[in-house]
Each structure stands twice: as C-alpha cells, then as structure tokens.
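Protein chains: 2
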Amino acid sequence: KKQFVVIGLGRFGSAVALSLAEENCDVIAIDRDEAKVKSIADQVTLAVQLDAMDEKALKEAGVQNVDVAIVSMAGNVEASILAVMILKELGVKKIMAKALNDLHGKVLSHIGVSDVIYPERDMAQRLAHNLVMPEFLEHIQLSPEYSIVELPAPDFLWGKSIVGTKLRSEYGISIIAIRRAYRANGEKKESWHVNPPAAEVIRKDDILVLLGANRDIEKLG
Amino acid sequence: KKQFVVIGLGRFGSAVALSLAEENCDVIAIDRDEAKVKSIADQVTLAVQLDAMDEKALKEAGVQNVDVAIVSMAGNVEASILAVMILKELGVKKIMAKALNDLHGKVLSHIGVSDVIYPERDMAQRLAHNLVMPEFLEHIQLSPEYSIVELPAPDFLWGKSIVGTKLRSEYGISIIAIRRAYRANGEKKESWHVNPPAAEVIRKDDILVLLGANRDIEKLG
Ligand SMILES: Nc1ncnc2c1ncn2[C@@H]1O[C@H](COP(=O)(O)OP(=O)(O)OP(=O)(O)O)[C@@H](O)[C@H]1O
Ligand SMILES: Nc1ncnc2c1ncn2[C@@H]1O[C@H](COP(=O)(O)OP(=O)(O)OP(=O)(O)O)[C@@H](O)[C@H]1O
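Chains as they are written, first to last, in the numbering used here: chain A, 126 to 346; chain B, 126 to 346.
Written out as structure tokens, the structure reads:
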C-alpha cells in the first residue's frame, strides 16, 4: 500500500490528500493552520499541525517513510523550498511540488523536485484549447504532435464504411472508437465500439473518436 | 475570430487570457488590480482596470460582444456572482466561472454559468490517479469506462507481433500507437507509429499506447 504525505492543505493540497485517501492510500496531511488540519483529520490516515520548516516536527510525524511527498504551499516560497530540502535530507525518494511561477519552479527542480506542478496554468491551457476548437466535443493532447478528438460524424461520412472515408489514407487519422446511441427499455443509452473494423459503416448521430497528428485533425475541425 | 473576456486575472484567469491570446483569439482582460492589468496589457487585445460589479464600466469595456466570458475570481464570491448576473443581462451567451467550492459552484450553475470550473481539484484528482497507477506513464480517462494508458512494453511482449500479443482477443485492449526511440545525427529522438499494423513487432524500449475498458487495463497494470 502506497504512503503519501501532503504538506500544505490549500485548495490543491487538500484535494490531493482527499483524492489519494479515496483511493485507499495512506495519507499524512500537514498544515500549520489548525482549522485546515481539523477539517481533514477524519478522512486521512494522520493529520498533523506543524510548521513545515521544522525538521524535528516533520521527522516526528513520520514523513521519512513515505513513498511520495507532495508539497503544496505555492504562496509561501520559502517554506516550500525549505520543506523540500528537509524531505530530501530525510530520504524521501519522490517529491512533487506546486510552484507559484516559472522561477519558483526552476528552483524546485534544482533542489530535487521530480515533478513541478502548475495546476491553474495547466487547466487554463486545456480550457483554452477546448474553447478554441469547439467543433470537437473533447480534445485530448496525447503528445505535442498527436491528439485524440471526439466529433459528431459529419453528414458527408454517413453511410460510408470506415475504410471508405479515406480518413486514414488521406489524412492519417484513425477512428479508434465510435460512440453510438441506442434504445434499451425505453431509455437512451450509448455504447462504445472500440477499434471498429474497416468495414464498419458510420451512421448519423455517431460520435467519432479520432486519433491523428494535430495539423491533420485541425483540417477536419 | 472568437472573442473572449476574462474577468479576474489571478493565476487561473491570467493563464486563460494568455493561452487564448496565444491561439490568436481576441481577449479582453479585466481586473480591478492595476498591476495585473498592466502586466498583461501588451499580450491581449484590450486590458481594462475596473470593478467587475460596475455594470456601466463592463458595458463600456465592450463585454456584451464576446462569444464566451470566463469569470475567475473564486476568492471573491460576491463579485463573481454579480459579474455573472451582469454578463447575463448584457446578453453574453456562454459564461464559464471558476468556483471556490461546491456551494459556490451550485449558485453559479443556478444563475446561468454553463461550465463551473475547479482547476485545483481537477488537477489534484488527475495527479492522484497517476500516482496510484504508477505503472502507467500516462493515464487518460476517455469516458467513465474507457481509458488510454501509456506503458513501457513489458518484457514478455518483446519480439511479439501485435496480433501475437493477443491483447485484443484476450483483454479487448487495442494498441493504438507505439512510441519508439531512434537515433538521428547522434541525437535521441522518438517517433509515433499510429495505428500500427497487426504484423508490427514490439521491441524492447517501445512505449505502448493502449485503449481499453478500465477493468481490463487494470489487469495489465
Ligand atoms: N510553513 C508552513 N508550514 C505548514 N503549512 C504551511 C506553511 N506555510 C503555508 N502553509 C499552508 O499551506 C497551505 C497552502 O498555502 P498557499 O495558499 O500559500 O498555497 P497555494 O498553493 O497558493 O494554495 P492553493 O492550493 O489553495 O492554490 C495553507 O493552508 C497554509 O496554511
Ligand atoms: N470586484 C472585482 N473586480 C475586478 N477584479 C476583481 C474583483 N474582485 C477580485 N478581483 C480580481 O480577481 C483576481 C482573482 O481573484 P482571487 O485570487 O480571489 O481568485 P482565485 O480564483 O482564487 O485566483 P487564482 O486563479 O489565482 O487561484 C484578482 O486578481 C483580483 O484582483
């Protein structure tokens, strides 16, 4: 069973602690604010009020035994940096930390943080991406060059077989799944047809799940 | 060309404004804090210092003409709610807003926000998910039942053709892409082989990009 410590119970830190606890992990939750420690206490393994710059207190809380530490005190740069240093000295192998900005993030990387996290910025970029390409119901960046998008089947593809669409031969785009609505017991349901055969015929109201290079996907949008 | 207004230039709001501007959209950026307005002014179409509860000032800034408004003042519940009401009255069709917590989010939904956003909580859940399933380099929830994961090819698959792995016939899992490292001009590079043919042979160090039902994916992890 994996053990985690979350230091800093702001919006991000407390959400991480709670999500990990919900997945049945052991979570030590730490903050210097008593109210925050109390409000999470019965949802995590151990909730401790202490100052993260206090090496002795951190050791007594047992943080040296965790697999992963998440430091989430972006608003207190000094404390976040010192807490990371202490965790390193106590031998914690994997440390992730939320950064206030790029400069803070660079310092954190330099002192041994394996994953520097920018939650607001990352979510903002995903939102902006989805807003700019609204023809797609969903847009997932699989890598810098490849994306997965979901798109209601355009009318010119209805009645065509997958191979007949030439999406792959002409655009290099694969239909990796088709979401198709159907009725069962008077209820509207949806089934996923994953990796459909080349002969599968596309119907009106199908939602196509596509994988392709970004520039090819954009030609479809 | 799509037009947006972002009200509230905290970490999330400013990141949204900048990401949209980078995608060449028209962005009006609004905040009551002069320093924040100034620091973004030359990166957006228009940056205005005003109080978002001032209907007259919002109208003068031209917000009634935008396609989408993003309200990002989670720390100021009253201002976020009043700003949404004003935007609705000015006829803005799509309003998204960042919420401080569930209760704030419910109120925002009731007054007409189409998308209530919880950036820190959403990123925290994705992080927790990735931490709990560390065998996967990447885990994307495509739908409640299907996921895409990336996994270094396990040794028992090296040298097998894709059809020979029986991943599809036995687990219903499709290999939708293979990430393969290669050398070019002395540099380490990576190429994506998307929708590889059934006869493609898996090599040591390949990273497999898989699509399947969650419970089947978990059997592999
Ligand atoms: N020295 C410290 N020791 C322990 N906890 C601290 C220390 N300094 C700050 N904290 C706690 O860290 C938490 C998060 O702090 P802060 O709000 O600065 O970070 P944030 O990353 O901006 O938060 P959010 O996740 O809400 O955006 C707060 O609950 C605060 O009490
Ligand atoms: N009435 C208002 N009119 C205009 N701007 C405002 C108003 N009230 C707050 N703001 C601005 O909204 C911005 C974000 O505010 P706040 O920090 O409360 O939100 P947040 O959602 O917690 O931010 P973050 O995205 O950094 O987590 C601040 O820059 C603040 O100046």
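The beta carbon of each residue, even a glycine, is placed where N, CA and C say it ideally should be.
Query: Sorry if obvious, but does the Cβ on Phe137(A) come closer than 7 Å to a heavy atom of ligand 1?; Result: yes
Query: So, at 6 Å on beta carbons, what are the nonlocal neighbours of Asp167(A) in its own chain, with the 5 sequence-adjacent residues on each side left out?; Result: none
Query: Any heavy atom of ligand 1 within a distance shorter than 7 Å of the CB on Ala253(B)?; Result: no
Query: Beta carbon of Glu275(A), beta carbon of Leu262(A): below 8 Å?; Result: yes
Query: Using a beta-carbon distance below 8 Å, is Val130(A) in contact with chain B?; Result: no
Query: DSSP on Ser299(A), reduced to helix/strand/coil?; Result: strand
Query: What did DSSP end up calling Lys163(B) once you bin it into helix, strand or coil?; Result: helix
Query: Can you tell me the Cβ-Cβ gap for Gly138(B) and Ser205(B), rounded? I've got them flagged as a contact below 8 Å.; Result: At roughly 11 Å, the Cβ-Cβ gap does not stay under 8 Å, so Gly138(B) and Ser205(B) are not in contact.
Query: Would you mind telling me which residues of chain E sit closer than 8 Å to Tyr271(A), beta carbon to beta carbon, in chain order?; Result: This model lacks chain E altogether; the protein chains it does include are A and B.
Query: Rounding to the nearest angstrom, what Cα-Cα distance links Ala142(B) and Lys329(B) in this structure?; Result: 43 Å
Query: In chain order, what residues of the same chain have a beta carbon less than 6 Å from the beta carbon of Leu145(B), not counting five sequence neighbours either side?; Result: Phe129, Val152
Query: In its own chain, which residues sit with a C-beta less than 6 Å from the C-beta of Ile195(B), not counting the 5 before and 5 after it?; Result: Val131, Val141, Met221
Query: Which of helix, strand or coil does DSSP assign to Gly337(B)?; Result: strand
Query: Span of the alpha helix (DSSP H) holding Ser139(B)?; Result: 136-147
Query: Closest Cβ-Cβ distance between Ser268(B) and chain A: below 8 Å?; Result: yes
Query: For Asp179(B), which of helix, strand or coil comes out of DSSP?; Result: coil
Query: Indicate whether at least one CB of chain A lies closer than 8 Å to the CB of Phe137(B).; Result: yes
Query: Quick check: Leu134(B) and Lys161(B), are their CB atoms within less than 8 Å of each other?; Result: yes
Query: Strictly below 8 Å CB to CB, what residues from chain B border Ile332(A)?; Result: Ordered by position in chain B, no residue passes the 8 Å Cβ test against Ile332(A), which lies about 10 Å from the chain.
Query: Please confirm if Arg340(A) has its CB atom under 8 Å from at least one CB of chain B.; Result: no
Query: Do Glu134(B) and ligand 2 come close, with the Cβ less than 7 Å from some heavy atom?; Result: Note that residue 134(B) is Leu in the sequence shown here, rather than Glu. Yes, since a heavy atom of ligand 2 falls inside the 7 Å radius drawn around the Cβ of Leu134(B).
Query: Secondary structure at Leu207(B), three-state DSSP: helix, strand or coil?; Result: helix
Query: Chain A beta carbons: is any one of them nearer than 8 Å to that of Asp247(B)?; Result: yes
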